[in-house]
Amino acid sequence: MKTLRRDPLVRGLGLASAALGIPQVAKPADVARGIGVAAGPRQRTATVAVGVRELTAAAGLLARPHPVWLWGRVGGDVVDLALLTRTLRRHDGRGLGRTALATAAVAALTTVDVYTAVTRTGKGSETTLTATTTVSNPPEEAYAYWRRLEGLPTFMAHLEEVRRTGATTSHWRASAPFGRTVEWDAEVTEDVPGSVLAWRSLDGADIDNRGEVRFSPAPGGSGTEVHVTLRYALPAGALGRAVARYFGEEPSQQLDDDLRRFKQAVETGEVVRSEGAPAGKRARGEFPQHPARPLTSKELKKLTKLKETLS
Amino acid sequence: MKATCWTGPDSVSVEDVPDPSVLNGRDAVVRITSTAICGSDLHLVDGYVPGMQKGDILGHEFMGEVVEVGAGVDRSKIRVGDRVVVPFPIACGACAACRARLYSCCENSNPNAGLAEKVFGHPTAGIYGYSHLTGGFAGGQAEYARVPFADVNPLVVESDLDDEQLLFLSDVLPTGYMAAEMCDITDGDVVAVWGAGAVGQFAMDSARMLGAAKVIAIDKEPYRLDMAAAQGYETIDFETVDVRSALLDMTGGRGPDKCVDAVGLEATHGSPHVDFYDRAKQAVRAESDRPHALRQAITSCRSGGVVSVVGVYGGLVDKFPVGAWMNRSLTLRAGQCHVHRYMKPLLERIERGEIDPTRVITHRMPLVEAPKGYELFRNKRENCEKIVLSAR
Ligand SMILES: [Zn+2]
Ligand SMILES: [Zn+2]
């Protein structure tokens, strides 16, 4: 996940792990003595083990960052603190100050690790959304409507533009909070006409995401079942929460609504509007609703400016 | 244009609002000639239906002349200048529900389907002037209205029948007819109809048309019962007699073969303590609907009979007689009317003189007097049964 990869705190912890791990593996006796611990064979083995663990965490955090590595660090901290507390209790007095200092340092590091793990998990991790609908069109038709990726913004509320950039690649732009937009390049990863379409964002995406639509014949030849799965990584922290709110308190509701509009579009040729919800796909614009009375010419002009296709 | 707007609980006013325009390619704009106030508008005005917003235009029974059609409208079906009656549920014509002719369950015509889904489990069709739960469509108690999927919805009328004979094809006549049709009436059936408003009256007429031997009207308003009696139907005033005993008495102890609930969520009950129970629960939002008529229909119906519900319910009811329903093999059928199914056949019946929709009209007034009309209708003043508003 590239959002974690660019996260300075995650990178910092990765580098710190490396900085701690290398001497622990290379010169365990020096390290043990450095923190005021006797450098017997047992202590040396323990130090090397801790060092190997640190190096693994460093590799994970720097190469393939994932919250699981952060939690791994928290687990390691707990072990370290337990070891150090035991050492402190049985200490013979020589270098006691250094051991206490090391314990305090590990405790501080634990705080940072817990904080990072907590804030980089959940909202910052990958979210999976699924939704399904049945349309009365045959699978080939439903697939073809979706395959014309440029048409996705017609029914997907947050998409502003999808532009084809190659045979299997495209550029996507979606609206984000505070009047900002997020963009990414995507490639089609699976394409079975009339059956499956899958895509994923390419490196450098503002929000990593991938999606998949499966089209299967509904029982009795009554149309097509459409199953959509979207996975995306929301940035962590306050921005992540803002984005999540922006996409709706219930993002799965948003996807349901997107799919409902897909059904409207593929079955009837248009996304249905009412005076109360005149913006059609702009789910955000629908709450609070416009009163169920015709729009003023000013409101109509504003609506036209949204460059919505009136089909 | 002028339009009748909901301005808050118990408050309706005629306001100047912008003219409607084509929002979707398959829209038409209709200049309304006649429109009506419906019993279910009262549920909205009283504030029992969630999702009303101040300024909403009311009305779902209207007809008029097409003055504009969008670029995507199939002009072989409807053109500018056509005289049309507009059915109250908005159908797309393409979804599975529409293909199954379940037009009031259209899967596409409600842009607020997500809201409706939360309340009903699955969304239902959009309806004009009927809260944001059913889509937030501007209503037809106005000079003009926008009609979505114009090549699917309105009935184009070429006959020279006047508005009053045609207008009720938009709702109350087909709704009453569907209530009777759902009863699967066989010759000799006794049919009891709770509620002698316009829908109830048309359910009675339809029941007789479909072969019922005896039709019984249940209400408390003398003028409504008189209106039913004038057609030769028997009557029960639920405020003065016990409904179940009266029904048993009139059916040799069997109970009516078929029962129609044409009342819905704001029913009143002859027995004060039962009425108080539901009113209290409704007031604290512990139940949304008062199902007196429904309960009574279920417990009164003969074993193996059918209870057909067209009265409007919005949410949840309490003390539903599930034991009676299950143990006595009752069939419960319900639905907002799939108006489109019935418009043409009922038009033909009107043309042949088999049914006279105008018999329920008691008041006629210009659109601008709609607030007065609501007041009369709501308080059942001046023997008000059905009001036609003229928008011309
Ligand atoms: Zn009505
Ligand atoms: Zn439909």
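Residue numbers (my numbering), protein chains in the order written: chain A, 73 to 383; chain B, 39 to 430.
All residues carry an ideal CB built from backbone N, CA and C; glycine is no exception.
Residue closest to residue 207 of chain A, alpha-carbon to alpha-carbon, out of A:347, A:291 and A:230
A:291
Which chain A residues sit within Cβ distance under 9 Å of residue 157 of chain B?
Within 9 Å Cβ-Cβ: nothing; residue 157 of chain B doesn't reach chain A, min ~14 Å.
Can you find a CB in chain A that lies within less than 9 Å of the CB of residue 59 of chain B?
yes
Within the continuous beta strand (DSSP E) that includes residue 214 of chain B, where are the two ends?
Here residue 214 of chain B belongs to no beta strand (DSSP E); instead the alpha helix (DSSP H) covers 210 to 219.
Does DSSP put residue 420 of chain B in a helix, a strand or coil?
helix
Using a Cβ-based criterion (distance less than 8 Å to any ligand heavy atom), does residue 108 of chain B qualify as near ligand 2?
no
For a contact defined as C-beta to C-beta under 8 Å, what are the partners of residue 295 of chain A on chain B?
Per Cβ cutoff of 8 Å: 134.
Please tell me whether residue 15 of chain B has its Cβ less than 9 Å away from any Cβ of chain A.
Any property of residue 15 of chain B remains undetermined from this structure, which presents chain B solely from 39 to 430.
Listed in chain order, which residues of the segment 120 to 137 of chain A have Cβ atoms closer than 7 Å to some Cβ of chain B?
none
How should residue 314 of chain B be labelled, buried or exposed, when 16 other C-beta atoms within 10 angstroms of its C-beta is the threshold for buried?
exposed
In the DSSP assignment, find the unbroken alpha helix (DSSP H) run with residue 84 of chain B in it and report its ends.
DSSP places residue 84 of chain B in the uninterrupted alpha helix (DSSP H) bounded by 77 to 84.
Alpha carbon to alpha carbon, how far is residue 49 of chain B from residue 374 of chain A? Give it in angstroms, no decimals.
31 Å
Residues of chain A with a CB under 9 Å from the CB of residue 176 of chain B: which are they?
346, 347, 348, 363, 364, 365 and 366
Please list the partners that residue 64 of chain B has in chain A, where partner means a Cβ-to-Cβ separation under 9 Å.
340, 341, 342 and 383
I'd like to know whether the C-beta of residue 436 of chain B is nearer than 9 Å to at least one C-beta of chain A.
Outside the shown range of chain B, which is 39 to 430, sits residue 436 of chain B, and nothing can be said about it.
To which residues does DSSP link residue 128 of chain B through a beta bridge?
Per DSSP, the beta-bridge partners of residue 128 of chain B are B:164.
Taking C-beta pairs closer than 7 Å, name the residues in chain A that residue 320 of chain B reaches, listed in chain order.
Under the 7 Å cutoff, chain A gives no residues; its nearest Cβ is about 25 Å from residue 320 of chain B.
Applying the criterion that 16 or more other CB atoms from any shown protein chain within 10 Å of the CB defines a buried residue, is residue 99 of chain B buried or exposed?
buried
Residue 82 of chain B beta carbon less than 9 Å from that of residue 167 of chain B
In contact: residue 167 of chain B and residue 82 of chain B (Cβ atoms closer than 9 Å).
Taking just the CA atoms, how far does residue 65 of chain B sit from residue 199 of chain A?
39 Å
Pick from B:132, B:41, B:134 and B:106 that is closest to residue 121 of chain B, judged by C-alpha positions
For residue 121 of chain B, the nearest C-alpha among the options comes from B:106.
Does the beta-carbon of residue 131 of chain B, which I'm using as the reference point, lie nearer than 8 Å to any heavy atom of ligand 2?
yes
Got a sec, what are the start and stop residues for the alpha helix (DSSP H) residue 242 of chain B sits in?
236 to 247 is the extent of the alpha helix (DSSP H) around residue 242 of chain B.
Kindly list the residues whose CB is nearer than 6 Å to the CB of residue 69 of chain B, restricted to its own chain and excluding five residues on each side of it in sequence; keep chain order.
102, 103, 105 and 182
Quick check: is any heavy atom of ligand 1 less than 8 Å from the C-beta of residue 210 of chain B?
yes
Under 8 Å: does the beta carbon of residue 346 of chain A sit that close to some heavy atom of ligand 4?
As for ligand 4, it is missing from this structure, which binds only ligand 1 and ligand 2.
Checking contacts by CB at 9 Å: is residue 335 of chain A closer than that to chain B?
Closer than 9 Å: yes.
Let me know if residue 150 of chain B comes out buried or exposed under the rule of 16 or more other beta-carbons within 10 Å of its beta-carbon.
buried
Endpoints, the beta strand (DSSP E) within which residue 235 of chain A is located:
231 to 236
Taking CB distances under 9 Å as the criterion, tell me whether residue 145 of chain B reaches chain A.
yes
For the putative contact between residue 340 of chain B and residue 290 of chain B, defined by C-beta atoms under 8 Å, what is the C-beta separation to the nearest angstrom?
The pair is not a contact, with the Cβ atoms about 10 Å apart (cut-off 8 Å).
Which residues of chain B have a Cβ atom closer than 8 Å to the Cβ of residue 22 of chain A, listed in chain order?
Because chain A is modelled from 73 through 383, residue 22 of chain A falls outside the range shown and cannot be assessed.
Would residue 274 of chain A and residue 257 of chain A be called neighbours here (beta carbons separated by less than 9 Å)?
yes
Cα-Cα separation, residue 368 of chain B to residue 342 of chain B
5 Å
Answer with yes or no whether the minimum CB distance from residue 41 of chain B to chain A is below 9 Å.
yes
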